[in-house]
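A short worksheet on the structure shown next.
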Amino acid sequence: MTKRQIVMSVGAVVLLVGIVSLIFGAISKGKAGQLASAPLVSTADAAAKGGEVASKDGILAVRGRTVCDDPLYAPISGTPVLYYTYSVTAAWKETVPDKDHPGKNKTENKTKSVGGDSNAAEFSIDDGSGPVRIAVSGVGDLELTESPTQTYTSRSSNESSITLGARVYKVSGFPEGTTFTARESVLNATDSLFACGKIENGTIGPSDMILSTKSPEELIASAQSSAKTGFTLGAIFSGLGVAGLLGGLILVKNDDNLRKT
11 MTKRQIVMSV GAVVLLVGIV SLIFGAISKG KAGQLASAPL VSTADAAAKG GEVASKDGIL
71 AVRGRTVCDD PLYAPISGTP VLYYTYSVTA AWKETVPDKD HPGKNKTENK TKSVGGDSNA
131 AEFSIDDGSG PVRIAVSGVG DLELTESPTQ TYTSRSSNES SITLGARVYK VSGFPEGTTF
191 TARESVLNAT DSLFACGKIE NGTIGPSDMI LSTKSPEELI ASAQSSAKTG FTLGAIFSGL
251 GVAGLLGGLI LVKNDDNLRK T
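Each number in my numbering corresponds to the 1-based position in the sequence shown with 10 added.
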């Protein structure tokens, strides 16, 4: 690569980091705004009155004891949870023809999804005035906890199934040495929760859902701090990225001038 290409490539990467940081800052600012504008109401009022006690956007917040008569059991960790999402991926190396060098082979890393699912238990929050149902779909800020990753490496290409956690997966056709990795994130069945989201038909969520064990004050402070950090880093990296791209363009112009002379 030429010096110009290096400068412009670095500038483009840094600019991309800056844009991502700005997006992160905007999302955090939106979260802080949602939390600050959502009225904290009793769980009974949330269930019975709904939009009457919500913000103009239909958002409200409640805080109280978690009530779940039938929690789910996470498929990988086996722990009782309110919500889980997991995936199982196979990874192996495969020898294939090298198109850039006819007659030769090269090794490529291959991956394939073997399984995965998301599921939520039926639960509610009750501050003592009466319960309000909470709906979770995996969309939103759910304060999920990552379970320990589980892996298994096949000893033969003839293996037809493997067990990871509490589930069995069909794995026919994978070569010997394939590594199967199970990843899981869960919303633990905690004693109490704070919920902020859109109230519809007496249920909070799943739209614009925020679930946390923290207080609303802690969440707002954290979101505001994240927004500030995101905007600051975004401005710095975006500026450096633009400078790098401009520097590359200047080198192009200088090269053209040198060719003319």
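All residues carry an ideal CB built from backbone N, CA and C; glycine is no exception.
Express the C-alpha separation of LEU250 and GLY257 in angstroms, rounding to a whole number.
-> On the sequence shown, position 247 is the one that residue 257 refers to. On the sequence shown, position 240 is the one that residue 250 refers to. Going from the Cα of GLY257 to the Cα of LEU250 covers about 10 Å.
Helix or strand or just coil, what does DSSP make of PHE247?
-> Start at 1 with the first residue of the sequence shown, and residue 247 comes out as number 237. PHE247: helix per DSSP, three-state reduction.
Return the Cβ separation of ARG143 and GLY212 in integer angstroms, given the expectation that the two are a contact with Cβ distance under 8 Å.
-> Against the sequence shown, residue 143 aligns to sequence position 133. Against the sequence shown, residue 212 aligns to sequence position 202. Confirmed, about 7 Å.
PRO226 - DSSP class collapsed to helix/strand/coil | Translated into positions along the sequence shown, residue 226 becomes position 216. PRO226: helix per DSSP, three-state reduction.
Looking at VAL196 and THR161, is the spacing between their C-beta atoms short of 7 Å?
-> To locate residue 161, count along the sequence shown from 1; it is residue 151. To locate residue 196, count along the sequence shown from 1; it is residue 186. No, the Cβ-Cβ distance between THR161 and VAL196 is not below 7 Å.
With a cut-off of 8 Å on the beta carbons, I'd call PRO90 and ALA71 a contact; round off their distance for me.
-> To locate residue 90, count along the sequence shown from 1; it is residue 80. To locate residue 71, count along the sequence shown from 1; it is residue 61. Not confirmed; about 25 Å, so no contact.
Whole-angstrom C-beta distance between GLY254 and GLY21, which should lie under 8 Å = As a working note, residue 21 is residue 11 in the sequence shown. As a working note, residue 254 is residue 244 in the sequence shown. Confirmed, Cβ separation roughly 2 Å.
Under the DSSP definition of a beta bridge, which residues are partnered with LYS238?
-> Stepping through the sequence shown from its first residue, residue 238 is reached at position 228. According to DSSP, which records beta bridges pairwise, LYS238 is partnered with nothing at all.
Check whether the Cβ atoms of ALA192 and ILE86 sit closer than 7 Å, and answer yes or no.
-> Taking the sequence shown and counting its residues from 1, the one referred to as residue 192 is at position 182. Taking the sequence shown and counting its residues from 1, the one referred to as residue 86 is at position 76. Their beta carbons are under 7 Å apart, which means ALA192 touches ILE86 by this criterion.
Measure the alpha-carbon distance for VAL146 versus LYS116 and round it to whole angstroms.
-> Position 136 of the sequence shown holds residue 146. Position 106 of the sequence shown holds residue 116. Each residue's alpha carbon lies about 45 Å from the other.
Check GLU62 in the structure and name its three-state DSSP category.
-> Here residue 62 refers to the residue found at position 52 of the sequence shown. Helix, per DSSP.
Find the nearest neighbour of SER305 within the set VAL23, PHE34, SER19 and THR12, judged by alpha-carbon distance.
-> In this structure the chain extends from 11 to 271, so residue 305 is not present and cannot be described.
Where GLY40 falls: helix, strand or coil (DSSP) = Here the question's residue 40 lines up with position 30 in the sequence shown. Of the three classes helix, strand and coil, the one that applies to GLY40 here is helix, per DSSP.
How far does the beta strand (DSSP E) with ALA144 in it reach, from first residue to last?
-> In the sequence shown, counting from the first residue as 1, residue 144 sits at position 134. It is worth fixing the name first, because residue 144 is Ile in this sequence and not Ala. Residues 141 to 144.
GLN160 - partner residues in DSSP beta bridges | In the sequence shown, the residue the question calls residue 160 occupies position 150. Paired residues: ALA192.
Would the beta-carbon of SER182 fall within 7 Å of that of SER170?
-> Start at 1 with the first residue of the sequence shown, and residue 182 comes out as number 172. Start at 1 with the first residue of the sequence shown, and residue 170 comes out as number 160. In this structure, SER170 lies closer than 7 Å to SER182 by Cβ.
Kindly confirm or deny that the segment 129 to 142 and the segment 205 to 224 touch, where touching means at least three C-beta pairs closer than 8 Å.
-> yes
Secondary structure, beta strand (DSSP E): runs of 3+ residues fully inside the segment 114 to 144 | 115 to 130, 133 to 136 and 141 to 144
Coarse secondary structure for PHE204, derived from DSSP in three states | Mapped onto the sequence shown, residue 204 falls at position 194. Reduced to three states, the DSSP call for PHE204 is strand.
Around the C-beta of LYS66, are 16 or more other C-beta atoms found within 10 angstroms, so that it is buried, or is it exposed?
-> Your numbering for residue 66 matches position 56 in the sequence shown. It is exposed - the Cβ of LYS66 has fewer than 16 other Cβ atoms within 10 Å.
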